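Residues in the sequence shown are numbered consecutively from 7, following this note's numbering.
Structure, as structure tokens:
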Amino acid sequence: MTDQIRRASRSVAANIAEGWRKRRYCAAFISKLNDSEGEAAETQTWLQFAVDSDYLKPEETRSLYVQYDELIGMLINMQNHPEQWCLTKIK
Numbered sequence: 007m008t009d010q011i012r013r014a015s016r017s018v019a020a021n022i023a024e025g026w027r028k029r030r031y032c033a034a035f036i037s038k039l040n041d042s043e044g045e046a047a048e049t050q051t052w053l054q055f056a057v058d059s060d061y062l063k064p065e066e067t068r069s070l071y072v073q074y075d076e077l078i079g080m081l082i083n084m085q086n087h088p089e090q091w092c093l094t095k096i097k
């Protein structure tokens, strides 16, 4: 379970970085942000499994879960308003 959390959480950052480099292609940028959003949600799921399995305490995990909620919100906002981030105009 630890390995899954580690992989999903690293993938969040990797997809954001890859998307950032693809900003001149707005559709590719949005796609990478969407992938990152999915990985963030997967990380939350694994955190919940860890709590449910008594590997982590709810009070220790809550702040991480909330931080991922905030990150997901930012990613959704970026996907909904890509013109602020893309290097080319959206047609």
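Even for Gly, the Cβ is constructed at its ideal location relative to N, Cα and C.
Fair warning: this is a prediction, and the values are worked out from it, not measured in the lab.
Contact between R13 and L93 fails: their C-beta atoms lie close to 30 Å from each other, not under 8 Å.
Separation of Y71 and K95 (C-alpha to C-alpha, rounded to the nearest whole angstrom) is 35 Å. Going by C-alpha positions, S42 is about 23 Å away from V57. The beta carbon of P88 sits closer than 7 Å to the beta carbons of C32, F35, I36, I96 from its chain, once the five residues preceding and following it are set aside; these are given in chain order.
Three or more Cβ pairs closer than 8 Å define a contact, and the stretch 15 to 27 falls short of that threshold against the stretch 60 to 68. Taking C-beta atoms under 8 Å as the contact rule, L53 and I11 qualify, at a distance of about 7 Å.
In the DSSP assignment, Q90 falls outside any alpha helix (DSSP H) and carries neither an H nor an E.
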